[in-house]
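Listed in order, the protein sequences are those of chains A and B. When we follow full-length UniProt numbering, the leftmost residue of the first sequence carries the number 1, and every step to the right adds one. When we follow full-length UniProt numbering, the leftmost residue of the second sequence carries the number 1, and every step to the right adds one. Worksheet for the structure shown next.
2 protein chains.
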Amino acid sequence: MTEQALRLDEAELRGLLDGRWAHVREQARDTVRGELFAPVHGLSVDDHRARTLTQLKALAKTDLPAYGFPATVGGSDDIGASVVGFEMLVADLSLMVKTGVQWGLFGGAIRALGTDRHHAEYLPDVMSVELPGCFAMTETGHGSDVQQLRTRAVYDPAAEEFVVHTPDESARKDYIGNAARDGRMAVVFAQLEVDGENQGVHALMVPIRDREGRPAPGVRIEDCGPKAGLNGVDNGRLWFDQVRVPRTSLLNRYGDVAADGTYSSPIESKNRRFFTMLGTLIRGRISVAGGAGSAAKAALTIALRYADTRRQFTRPGVDGEPDQEVRVLDYLAHQRKLLPALARTYALHFAQEELVTRLHELSRSAEGDDHAQRELESRAAGLKAVATWHATATIQTCREACGGAGYLSENRIPQLKADSDIFTTFEGDNTVLLQQLTKGLLTNFQDSFGDLDQLGLARFMAGKVFETVIERTAAIPLIERLVAAAPGRGEEADLYNRGWQLELLEDREKHVVEGLAGRLRRSRKDGSDAFEVFNRAQDHVLTAGRAHMDRVVLEAFVAGIDRCGDQATAKLLNRLCDLYVLSVVEEDRAWFLEHERLSTARSKAVTQAVNDLCRGLRPYAVRLVNGFGLRDEWLAAPIALGSEHARQGDPPPARG
Amino acid sequence: MTEQALRLDEAELRGLLDGRWAHVREQARDTVRGELFAPVHGLSVDDHRARTLTQLKALAKTDLPAYGFPATVGGSDDIGASVVGFEMLVADLSLMVKTGVQWGLFGGAIRALGTDRHHAEYLPDVMSVELPGCFAMTETGHGSDVQQLRTRAVYDPAAEEFVVHTPDESARKDYIGNAARDGRMAVVFAQLEVDGENQGVHALMVPIRDREGRPAPGVRIEDCGPKAGLNGVDNGRLWFDQVRVPRTSLLNRYGDVAADGTYSSPIESKNRRFFTMLGTLIRGRISVAGGAGSAAKAALTIALRYADTRRQFTRPGVDGEPDQEVRVLDYLAHQRKLLPALARTYALHFAQEELVTRLHELSRSAEGDDHAQRELESRAAGLKAVATWHATATIQTCREACGGAGYLSENRIPQLKADSDIFTTFEGDNTVLLQQLTKGLLTNFQDSFGDLDQLGLARFMAGKVFETVIERTAAIPLIERLVAAAPGRGEEADLYNRGWQLELLEDREKHVVEGLAGRLRRSRKDGSDAFEVFNRAQDHVLTAGRAHMDRVVLEAFVAGIDRCGDQATAKLLNRLCDLYVLSVVEEDRAWFLEHERLSTARSKAVTQAVNDLCRGLRPYAVRLVNGFGLRDEWLAAPIALGSEHARQGDPPPARG
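Next up, the structure:
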């Protein structure tokens with residue numbers, strides 16, 4: 001990378017990053033202000049919960065909740081806007097998650113799994129928070145393996161009621177948001193039994209508290225107590241002791257029970273029905289990926305503004321210049337901590353925008369495109385996993401990069417870390433999600449209905465020919481043009497050649513997925529049992545999922561830069577994109593060496609290029625984080641807002 | 001690795017791990033019990049501070065504080081015991097750190113930098129906590145770069161007093177433990193000015209509060225407020241406004257001022273004097289490495305006991321066996337998260353024991369061996385860095401491995417994470433420490449006095465010949481025998497051959513350090529300035545430090561196993577050692593490929609070997625963590641103590 005100066009048009013960058021739902025972001029910037037929404041720390045659990053509910057009710061008076069709901073009940077039916085609105089609530093992640101529980105999970109389940117009568121009866125009160133509610137899916141014994149939930153809902157035709165029951169401790173509902181304090185109603189996921197037959201997991205509306213806050217008859221509620229973070233959200237446990245609810249409480253879009261006890265469903269296969277129902281709930285997972293991105297952006301904004309000013313150790317003056325203390329961001333080690341993370345945060349931002357757009361479009365299309373739906377689910381699983389792991393790692397790095405200042409609650413990073421820490425395992429455990437993605441790749445989204453180790457996979461293993469199809473996901477003509485123009489595999493290609501980079505990541509994905517397919521089938525033929533075969537390849541499975549996401553995220557970054565209206569800014573973003581892709585390659589360069597995709601000399605050159613890019617991008621770091629447009633009052637960290645500058649007598653930091 | 005059953009003698013293992021200071025560990029197990037010392041969560045900052053002080057005072061009545069102090073004041077002068085005692089306080093890391101502040105830093109500085117009169121006057125009250133005190137070194141503007149502290153202590157010969165003063169905001173003392181609430185006296189590090197000449201940083205005893213808790217005249221105190229963790233420790237800020245203390249307040253072992261204002265010191269060079277003074281404080285850094293180890297052990301004990309019982313997803317029965325849910329530790333992905341971390345925790349345990357032994361021996365040797373002292377400082381810097389990074393990463397992984405349960409405060413992992421998070425940057429920022437280690441390697445500990453970019457380094461760069469000398473550090477004859485018996489570089493060596501493994505890590509260290517030396521000297525000859533040359537190689541510098549520590553830690557592990565009295569147990573530990581070294585190699589296999597130390601086939605075989613070792617060690621995981629001997633009441637996490645077992649109707653977990 002040449003060291004010539006690059007320019008950055010801040011308005012252009014902001015517009016590009018704000019993207020299609022810029023108006024929602026602006027609205028959040030206007031709304032989430034002042035004392036009511038200011039970040040806080042050190043509150044007691046009770047005070048934090050009360051504050052969060054107050055904030056939620058204040059948001060209920062804005063346009064925000066309407067986005068997620070249909071026009072029939074007064075919503076504005078803009079799913080993309082609902083996801084983007086969620087991710088902007090970074091001033092307090094407790095509020096972010098509380099809105100997610102109330103409007104996304106609770107309201108979203110009623111919307112997706114219920115029918116008009118449920119919409120009309122409940123959704124207006126869900127939006128207004130007149131009816132706070134829970135999404136009671138996870139049980140103590142079953143989190144990832146939802147299909148094995150043990151709560152039962154048995155139909156009693158005589159009374160035309162369902163009897164909801166917790167048969168044992170494994171079946172208690174656990175970690176349920178809104179359960180410990182505020183929720184009055186819960187969408188309860190249970191094994192539906194009709195006339196002695198189990199129809200699989202279905203959801204029902206079950207009252208859990210009256211207006212005075214007393215538990216409903218037959219419902220036992222326990223507080224999960226303090227957590228690492230998100231203490232503004234009241235997570236709790238629920239037990240049901242033969243709780244009776246009317247027949248109409250069943251959210252009956254995908255399965256209904258007539259008064260006489262006849263079960264019917266538009267989807268015959270129980271397995272397919274189950275995964276179809278789960279698939280409608282994909283928005284929560286996508287929202288978490290966005291929320292994780294916001295947390296990472298906030299931490300990076302704080303750490304980079306601080307690093308740009310903080311000084312330590314003296315650099316001897318050259319040619320008679322006086323000695324001076326070095327800004328910590330001028331150290332290569334510090335750049336390496338923060339700048340590749342910044343590049344990846346940008347890349348993930350564009351990937352998230354693309355995923356939200358797909359979700360949004362699919363929600364508007366008249367009738368389901370099964371292939372597109374399954375691809376969306378796979379992508380959501382993969383992006384949620386990589387985005388939340390990235391956030392956890394990045395915020396950790398930011399903490400360390402800020403030293404003791406990063407450990408003080410006043411500087412916000414501790415809260416960002418603690419709050420977002422659960423993101424890697426809630427709304428789907430990341431390791432499970434990456435495997436789900438890889439299974440989708442193996443089956444090319446043709447038949448990814450099936451649980452982790454059976455059915456689909458066994459069927460796949462029995463097959464013969466396998467060839468990965470790289471499905472390009474963004475700006476397809478552009479990507480194809482770039483790849484076509486790439487020089488062939490070999491030494492001569494410039495490391496900064498985008499086509500070569502794209503081809504390199506595509507090639508790795510294809511090789512890893514095909515290698516996995518071959519390995520699974522070969523082992524299977526040895527007569528080993530399917531579980532053991534798959535388990536022994538589990539590291540390979542996870543590698544495949546990561547390789548796929550690295551490629552998809554790169555394509556989204558390339559497509560995003562292509563939308564940039566200012567050439568100079570695009571040029572700068574292209575350097576940032578180089579840093580993203582080359583740090584991805586560097587991280588996994590052992591693979592590229594093992595598979596002779598990089599020579600040893602070229603592999604070393606990648607490391608050097610990452611160093612060069614860090615040095616070249618360092619002067620733009622603060623403006624690049626400011627581009628995210630997080631309000632200073634959401635950051636609230638003195639070290640990011642001028643305290644260090646003031647101490648040193650420097651001008652205040654450039655702001656977003 | 002063969003899958004034949006291995007045996008483990010639990011008493012033998014405990015004895016081996018408890019090591020030389022087993023009696024101190026046993027004493028801690030007997031002492032730290034009951035309501036008074038039980039882990040707590042969710043306390044307010046005020047309540048937590050009060051509780052921690054109460055605990056500290058209770059410990060003051062035991063033998064624990066005496067270890068760190070000389071017999072002349074009633075101590076038992078057993079430095080090794082003092083470090084081991086510290087690391088056992090894992091029931092609440094606030095207590096661990098509070099004892100470190102009071103006895104290690106405050107008392108330790110008086111012991112190391114003061115002379116008999118200070119010892120007699122202060123140390124008895126330090127031990128009894130009659131005099132709670134602070135180690136006031138770090139300032140807001142200077143943490144890592146202690147030599148640039150700005151607090152001044154100017155000698156006034158007329159009054160025979162020092163005037164201690166905070167000239168500006170950069171110079172306020174920051175993050176000082178015991179300052180916000182309890183401390184009455186502080187060891188204040190300040191630039192000593194005598195007769196207009198700056199003699200460099202020295203330490204003085206300065207009263208900061210009276211017995212009623214009122215700030216001393218001229219002293220301003222501010223609370224740092226809530227932190228991510230360690231809220232039982234009262235960190236604060238201190239400002240001094242022309243505070244006068246008697247001449248005898250100077251801790252005068254390395255520099256004294258006569259009544260008439262004559263400065264004298266046994267060490268002429270200011271730079272050497274400074275680093276000698278800092279060197280005497282090395283115990284704090286070594287203690288932190290040990291404390292980090294304990295936190296990692298606690299988290300692993302919780303996560304592995306849980307993973308051994310927790311089940312998710314069903315494995316179809318083979319040959320007519322019923323289906324069964326799989327214990328999560330039976331998944332390769334879960335093994336890969338936790339078992340290499342367990343292996344490294346063992347390795348670091350033995351490295352810590354060895355380092356503590358060296359510190360202890362050196363503290364007993366009549367007069368200073370400069371080379372040994374500098375090597376100790378380098379080793380302490382390196383081990384502190386790798387042990388604390390390991391703890392942070394491991395506890396994070398344990399959190400994720402426990403899913404939602406790992407996010408609940410009742411299961412202890414959140415507190416372990418939050419409390420230990422600062423370990424990577426306090427008592428020396430890890431990045432700075434690793435560089436310090438590498439500088440020591442470059443100069444072969446001959447002349448590592450000097451700050452980060454000047455003097456020693458510039459001198460080094462001007463040199464010519466350089467050859468790394470691998471100084472073996474533990475069980476030297478054994479290691480030499482193993483290395484000598486290793487097959488030559490190449491394909492034929494067994495991956496499990498210990499000699500080959502040792503030689504591989506030695507070779508990498510030598511190559512990285514020599515390559516760095518050559519690079520620095522070549523660039524320097526180009527006429528680039530020293531700062532720039534060093535900065536551009538900073539990633540290389542850090543790699544060198546890590547490579548060194550990987551080798552040293554392996555040697556300690558090998559030496560530790562050699563002390564094991566039971567053959568079967570030793571065999572199991574040898575498998576664990578294989579997992580340690582092969583996961584180190586796997587992590588950095590890109591380097592071994594780039595430098596043609598591993599062929600591509602062999603590199604892939606390393607990954608397979610790590611998988612095999614994980615599978616083979618899985619049945620022993622719980623007994624291996626139990627070997628650490630952390631009391632159940634220190635862990636206190638229901639998921640580690642039978643709640644999950646009870647729910648599933650399993651027998652309770654094996655205990656340590």
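Built from N, CA and C at the ideal position, the CB exists for glycine as well.
Could you tell me whether any Cβ in chain B is nearer than 8 Å to the Cβ of residue i?
| i | result |
| --- | --- |
| residue 312 of chain A | yes |
| residue 600 of chain A | yes |
| residue 306 of chain A | no |
| residue 577 of chain A | no |
| residue 414 of chain A | yes |
| residue 42 of chain A | yes |
| residue 152 of chain A | no |
| residue 122 of chain A | no |
| residue 199 of chain A | no |
| residue 37 of chain A | no |
| residue 583 of chain A | no |
Answer yes or no: does any C-beta atom of chain A fall closer than 8 Å to that of residue i?
| i | result |
| --- | --- |
| residue 144 of chain B | yes |
| residue 452 of chain B | With a pLDDT of only 42 at residue 452 of chain B, under 50, the local geometry of the prediction cannot be trusted, and the value read off the model is given with reservation. Yes, residue 452 of chain B counts as interfacial toward chain A. |
| residue 652 of chain B | no |
| residue 22 of chain B | no |
| residue 224 of chain B | yes |
| residue 227 of chain B | yes |
Exposed or buried, which one is residue i when buried takes at least 16 other CB atoms within 10 Å?
| i | result |
| --- | --- |
| residue 111 of chain B | buried |
| residue 65 of chain B | buried |
| residue 640 of chain B | buried |
| residue 44 of chain B | exposed |
| residue 57 of chain B | exposed |
| residue 518 of chain A | exposed |
| residue 117 of chain B | exposed |
Out of the options, state which residue places its alpha-carbon closest to the alpha-carbon of residue i.
| i | options | result |
| --- | --- | --- |
| residue 205 of chain A | A:413, A:478 and A:240 | A:240 |
| residue 62 of chain B | B:90, B:289, B:14 and B:31 | B:31 |
| residue 414 of chain B | B:96, B:18 and B:635 | B:635 |
| residue 105 of chain B | B:437, B:178 and B:375 | B:178 |
| residue 215 of chain B | B:243, B:233, B:83 and B:610 | B:243 |
Helix, strand or coil for residue i per DSSP?
| i | result |
| --- | --- |
| residue 681 of chain A | What is shown of chain A runs 1 to 656, which leaves residue 681 of chain A out entirely. |
| residue 134 of chain A | strand |
| residue 257 of chain A | strand |
| residue 205 of chain B | strand |
| residue 190 of chain A | strand |
| residue 8 of chain B | coil |
| residue 295 of chain B | helix |
| residue 312 of chain A | strand |
| residue 242 of chain A | coil |
| residue 369 of chain A | coil |
| residue 571 of chain A | helix |
| residue 155 of chain B | strand |
(request) With 9 Å as the C-beta to C-beta threshold (strictly closer), list the residues of the stretch 167–193 of chain A near chain B in chain order. (result) 168, 169, 170, 174 and 175
(request) Select from the stretch 422–433 of chain B all residues with a C-beta closer than 9 Å to any C-beta belonging to chain A, and list them in chain order. (result) 422, 424, 425, 426, 429, 430, 431 and 432
(request) Taking a Cβ distance cut-off of 7 Å, strictly less, list which residues of the stretch 331–342 of chain A are near chain B, in chain order. (result) 331, 332, 333 and 336
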